[in-house]
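For reference, the structure is listed below as structure tokens.
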Amino acid sequence: MTNEQPVIQVDNITKKFGNVEAVRETSFTVNAGEFITILGTSGSGKTTLLKMLNRLIEPTSGAIYIDGENTKDVNVNILRRRIGYVIQQHGLFDHWTVEQNIATVCNILKWDKQKTAQRIDETLRLVQLDPAKYRKRHPHQLSGGEQQRVGIARALAADPKILLMDEPFGAIDAVNRAKLQDELKEIQKTTGKTIIFVTHDIDEALKLGNRTMLFKDGKIQQFDNKNELFLHPQNEFVGDFLGVSKQLSKWRYLSAKSLIKQWKPVGGQLNNAIDADAIVAKVVERLLKRPADPVQVVDRDENKVGYVRLNEISEMVGAI
1 MTNEQPVIQV DNITKKFGNV EAVRETSFTV NAGEFITILG TSGSGKTTLL
51 KMLNRLIEPT SGAIYIDGEN TKDVNVNILR RRIGYVIQQH GLFDHWTVEQ
101 NIATVCNILK WDKQKTAQRI DETLRLVQLD PAKYRKRHPH QLSGGEQQRV
151 GIARALAADP KILLMDEPFG AIDAVNRAKL QDELKEIQKT TGKTIIFVTH
201 DIDEALKLGN RTMLFKDGKI QQFDNKNELF LHPQNEFVGD FLGVSKQLSK
251 WRYLSAKSLI KQWKPVGGQL NNAIDADAIV AKVVERLLKR PADPVQVVDR
301 DENKVGYVRL NEISEMVGAI
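Heads up: the sequence shown runs through residues 1 to 320, numbered per full-length UniProt numbering.
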């Protein structure tokens with residue numbers, strides 16, 4: 001569960017490039033430990049928004065607060081050391097080894113060699129790379145997926161509270177991309193980092209984010225969890241962009257909890273249980289394998305359970 005302490009507050013920011021407003025009067029808050037995805041088409045302003053959070057781009061107006069402190073009042077170099085940043089093309093220094101790349105911010109912070117070496121190994125393990133095998137390699141000796149893992153390790157090295165990610169998996173093949181997404185979810189769960197992740201891929205945004213911000217023409221169209229985005233799109237653009245009218249979309253994206261009308265306290269044996277955050281398609285798959293048994297949808301955070309039966313599923317999915 002996320003800690004309801006806002007770590008990022010964006011207050012009415014606008015960014016103009018000449019006469020063009022790339023981001024317009026945008027406000028939102030992010031709680032500590034949230035995984036936020038920013039979804040939009042090319043040119044929608046999502047990357048500009050991300051870069052204003054660590055002052056790679058300065059807002060034309062408005063204010064951004066990190067842990068309650070206006071970022072304009074913080075030395076820009078100090079601010080960026082507190083915020084990890086990962087880009088699509090990994091951004092590694094080709095002439096440096098993996099360990100030298102990961103140590104970049106640690107060295108700037110003047111950590112001692114032992115602490116730095118320990119952190120290099122910790123972050124490599126976190127991204128599923130064996131330190132003994134990869135520490136001395138150069139980027140050109142790595143696959144695309146391995147390069148991006150090292151880029152993530154470098155961003156995490158100084159243990160920042162916030163991680164900004166700008167389409168980090170956009171250049172990775174589909175198989176490795178799915179693996180990296182799963183690993184990133186596990187890293188976020190393990191470390192509790194607040195992650196802001198920009199993407200143009202609907203599947204990626206809804207798979208990773210506990211909330212997704214849909215961006216168009218420099219403005220937030222809707223900022224919600226995936227169930228709310230599909231069940232209650234706030235305007236025509238949101239519905240069209242996500243394909244809400246398509247039944248298949250509901251099966252692919254909605255979570256199992258959206259099927260449950262009545263919850264009960266967990267009690268007794270659960271012999272056909274599925275997590276409440278699993279997608280509806282997984283519930284259907286389970287019901288088809290064991291048609292005589294109801295699926296038990298379990299919300300472990302709140303210790304409650306709901307039941308779905310095969311004869312109910314068509315009516316339920318059609319109604320949501």
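In this text, a Cβ means the ideal position worked out from N, Cα and C, and glycines have one as well. Computed from a predicted structure; not experimentally measured.
Would you decide whether residue i is buried or exposed? Buried here means 16 or more other CB atoms lie within 10 Å of its CB.
| i | result |
| --- | --- |
| residue 119 | buried |
| residue 193 | buried |
| residue 226 | buried |
| residue 18 | exposed |
| residue 29 | exposed |
| residue 156 | buried |
| residue 291 | exposed |
| residue 15 | buried |
| residue 301 | exposed |
| residue 8 | buried |
| residue 101 | buried |
| residue 221 | buried |
| residue 36 | buried |
| residue 236 | exposed |
| residue 308 | buried |
| residue 171 | exposed |
| residue 232 | exposed |
Hey, out of the options, whose CA is closest to residue i's CA?
| i | options | result |
| --- | --- | --- |
| residue 44 | 104, 191, 23 | 23 |
| residue 197 | 26, 63, 88 | 88 |
| residue 55 | 260, 40, 75 | 75 |
| residue 169 | 299, 67, 151 | 151 |
| residue 299 | 309, 284, 266 | 266 |
| residue 94 | 79, 137, 67 | 137 |
| residue 143 | 166, 124, 173 | 173 |
| residue 26 | 217, 268, 297 | 217 |
| residue 10 | 46, 64, 32, 35 | 64 |
| residue 32 | 141, 114, 6, 206 | 6 |
| residue 163 | 252, 121, 86, 46 | 86 |
| residue 161 | 293, 115, 83 | 83 |
| residue 111 | 130, 284, 38, 158 | 158 |
| residue 289 | 213, 270, 275, 310 | 310 |
| residue 251 | 269, 42, 116, 283 | 283 |
| residue 81 | 62, 57, 109, 61 | 109 |
Expressed to the nearest angstrom, what Euclidean distance is found between the alpha-carbon atoms of residue i and residue j?
| i | j | result |
| --- | --- | --- |
| residue 98 | residue 126 | 14 Å |
| residue 312 | residue 260 | 11 Å |
| residue 135 | residue 211 | 35 Å |
| residue 148 | residue 40 | 22 Å |
| residue 340 | residue 303 | Since the first and last residues shown for the chain are 1 and 320, residue 340 lies out of range. |
| residue 91 | residue 104 | 12 Å |
| residue 186 | residue 128 | 11 Å |
| residue 48 | residue 106 | 27 Å |
| residue 334 | residue 263 | Look at the range of the chain in this structure, 1 to 320, and you will see that residue 334 is not part of it. |
| residue 165 | residue 203 | 16 Å |
| residue 242 | residue 50 | 22 Å |
| residue 254 | residue 280 | 6 Å |
| residue 79 | residue 206 | 29 Å |
| residue 278 | residue 189 | 16 Å |
| residue 215 | residue 305 | 35 Å |
| residue 53 | residue 140 | 31 Å |
| residue 177 | residue 145 | 8 Å |
| residue 13 | residue 59 | 6 Å |
| residue 285 | residue 208 | 22 Å |
| residue 68 | residue 38 | 22 Å |
| residue 199 | residue 167 | 5 Å |
| residue 153 | residue 71 | 25 Å |
| residue 234 | residue 219 | 13 Å |
| residue 275 | residue 256 | 8 Å |
Using DSSP with H/G/I as helix, E/B as strand and the rest coil, what is residue i?
| i | result |
| --- | --- |
| residue 234 | coil |
| residue 211 | strand |
| residue 135 | coil |
| residue 24 | strand |
| residue 186 | helix |
| residue 114 | helix |
| residue 284 | helix |
| residue 93 | coil |
| residue 57 | coil |
| residue 127 | coil |
| residue 108 | helix |
| residue 175 | helix |
| residue 77 | helix |
| residue 264 | strand |
| residue 152 | helix |
| residue 83 | strand |
Per DSSP, which residues does residue i bridge with? Please list them.
| i | result |
| --- | --- |
| residue 219 | 216 |
| residue 255 | 279 |
| residue 195 | 35, 163 |
| residue 299 | 304 |
| residue 332 | Absent from the structure is residue 332, since the part of the chain shown begins at 1 and ends at 320. |
| residue 17 | 20 |
| residue 9 | 29, 65 |
| residue 273 | 296 |
Less than 9 Å between CB atoms is the rule here; does residue i satisfy it with respect to chain B?
| i | result |
| --- | --- |
| residue 232 | In the displayed structure, chain B is absent; only one protein chain is listed. |
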